[in-house]
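According to our numbering, the sequence shown is numbered sequentially starting from 152. Glycine is no exception: its CB is placed at the ideal position from the N, C-alpha and C atoms. Taking it in order: structure first as structure tokens, then the write-up.
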Amino acid sequence: MRALRLVPIALAAGVALLAGCASTAPEEAAPEGGAWSYTSGDGKTYTADEVPTRIIAHAYAAKVLMEFGIVPVGIYADGDIESDVGLQGADFEGVEVIGEEWGKIDVEKAAALAPDLIVGDWWPAEDAYSGLEGGVEESSKKIGELAPVVGAAQGDSIVELIEGYAELAESLGADTSVIEAQRADFDAALEEFKTAVAAKPDLTALAISPYEDTYAVAVPEYAPELLDLQSWGLDVIDPTTPDPEFPYWESLSFENADTYQPDVLLFDDRSYPANEETLAAQPIAKDIAAHAAGAYTTWPAYWLHTYPDYAEQLRDLTKFVNGADENLTD
């Protein structure tokens, strides 16, 4: 829960241009003759004799590429693109949708689009790109055989992720100057957030995603937006026992949901308000001080890819922090 390989003969020539062209050498500037290179989130440098133009992208990656005028020929998403909180404001009209359910991609449709590049986030904890992680249908993972897969890493910071996609867009020939104004607005929002947090040094937060019979607590180490919040001064609690097979979370039973007692709760916004209602229906909800006090909001879980989105989320969090009680659980 963050919560996809037959190559048609007609595509063989295109795939051959890029297949196997990856190394761990430092990225070099692309020659003027049109050659392409990009150092991806997995640490490898991918090269091609020509700049890729037919791109299939995970929807979140597509959104940031479109900020720079790069429109993919196809996208795949983790869910319904109309209701996905991370895709608000994105216009995918004219773009082929080849999947709207996590773990399922229509590879036949993907092959028909003749892609020369697949773009998705690199997930270090899973050693895989979006669409190729464990749990994805094996038939869907065959998308990785159609073209090389690249993308920025969900690593230590969303800022690094955004800049990584700007570098990818630039390597593909885009004018990335638009990011300068976006970064300036983001920096202003960030300073406001830092000021709010500095005024409440004892404020503690816990990022959660309750569902069914599980109280899932997010592990900041594997959530770069939470790592950012920590680095900017907010005390986001690190759970002590991450799930060994899927360390994004520590999964607790609702009977143990009061293990951590933060001043504020941050609900996974991808399934809000349903996840808050799930917790509210549990008898133990009254024993979680922050929930009982109504001291909760959402956090942008695993979908941030642009400075405008990040600035908006930071401003919302700043307002929340300004009204929070840092001594709620003293």
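**OP:** Go ahead and pull the three-state DSSP assignment for F418.
**Re:** If DSSP states are grouped into helix, strand and coil, F418 belongs with the strands.
Original post:
Buried or exposed: E233, going by 16 or more other Cβ atoms within 10 Å of its Cβ?
Top reply: Looking at its Cβ environment, which holds fewer than 16 other Cβ atoms inside 10 Å, E233 is exposed.
**OP:** Starting from the C-beta of T480, find all residues in its chain whose C-beta is less than 8 Å away, skip the five residues before and the five after it, and write them out in chain order.
**Re:** Closer than 8 Å at the Cβ level, and outside the excluded window around T480, lie T355, Q412, P413, D414, A440 and A441.
Original post:
To the nearest whole angstrom, what separates the beta carbons of T457 and D420, a pair I think is in contact under 8 Å?
Top reply: About 16 Å separates the two Cβ atoms, so there is no contact after all.
Subject >> Rounded C-alpha distance that separates D231 from E252 >> reply: Cα to Cα, the separation comes out at about 7 Å.
**OP:** Ignore the nearest five residues each way along the sequence and tell me which others in G192's own chain have a CB closer than 6 Å to its CB.
**Re:** These residues qualify, in order along the chain: W273, G302, A303 and A304.
**OP:** Within the same chain, show all residues whose beta-carbon is closer than 6 Å to that of S382, passing over the 5 residues directly before and after it, in chain order.
**Re:** Once the five neighbours on either side are set aside, S382 has no close Cβ partner at all.
Original post:
Taking C-alpha atoms, which residue in L380, E477, S402 and T190 lies nearest to A340?
Top reply: Ranked by Cα distance from A340, the first of L380, E477, S402 and T190 is L380.
Subject >> Burial state of T204, where buried means 16 or more other Cβ atoms lie within 10 Å >> reply: Classification for T204: exposed.
**OP:** Could you tell me the distance, in whole angstroms, from the CA atom of E218 to the CA atom of N473?
**Re:** The straight-line gap from Cα to Cα measures roughly 31 Å.
Original post:
Do you know whose CA, among Y211, S422, I221 and G220, lies nearest G250's CA?
Top reply: Here the closest residue by C-alpha is Y211.
**OP:** For the beta strand (DSSP E) containing L357, list its first residue and its last residue.
**Re:** Annotation: the continuous beta strand (DSSP E) that includes L357 extends over T355 to Y362.
**OP:** Using the Cα positions of K351 and E284, report the straight-line distance between them to the nearest angstrom.
**Re:** Each residue's alpha carbon lies about 39 Å from the other.
**OP:** Look at V270 and A208 and say whether their C-beta atoms are less than 7 Å apart.
**Re:** Against a cut-off of 7 Å, the Cβ pair of A208 and V270 comes out as a contact.
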